[in-house]
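Peer 1: Going by our numbering, the first residue of the sequence shown is number 54, and it counts up by one from there.
My questions will all concern the structure given below.
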Amino acid sequence: MKALDPYYEKFDPEFVQLRTKRKEILQSKEDLSPLTCWKGSESALAETDKITPEVAKIIKEDFLQQNGNSDYDRFCPLYKACGMLRNMMAFHEHDTHVVEAFFKPDNMGRNQRFHDI
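Dropping the structure here:
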């Protein structure tokens, strides 16, 4: 994989960083799996940790899974892959910031309104 890094850097300087972040999210999801299996659901996770399995699901179902039997979904151009990764990582980052900001100790009295939305 490292052999292609110069090509990726030339094509899109962010691609290697996005690819690394994607791997980290998928690994974090795997690290959380035993906890969710042991407790029985994702309710055992902290609010910020609940984001990771959802983003990992998006990555697996919408980015990594391609249909080789389909003419329109057989290949994904690199520019499209970069754009998709950029959007998914931005979603993860923004979602995490929103949840962290909302679940600060000084905001704990407003949590009920968040769940009602």
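We treat Cβ as the ideally placed atom computed from N, Cα and C, and that holds for glycine.
#1: Is F156 helix, strand or coil by DSSP?
#2: Taking the alpha-carbon of E83 as reference, which of E67, D102, Q70, F68 has the nearest alpha-carbon?
#3: Ends of the alpha helix (DSSP H) at Y125?
#4: Straight-line CA distance for S123 to P106?
#5: Return the residue from the list A109, Y125, M141 that minimises the CA-CA distance to Q80.
Peer 2: Once the coordinates are examined:
#1: Judged by DSSP in its simplified three-state form, F156 adopts coil rather than helix or strand.
#2: Distance from the Cα of E83 is smallest, within the candidate group E67, D102, Q70, F68, for D102.
#3: That residue, Y125, is in no alpha helix (DSSP H); it is neither H nor E in DSSP.
#4: Those two C-alpha atoms are separated by around 28 Å.
#5: The residue with the shortest Cα to Cα distance from Q80 is A109.
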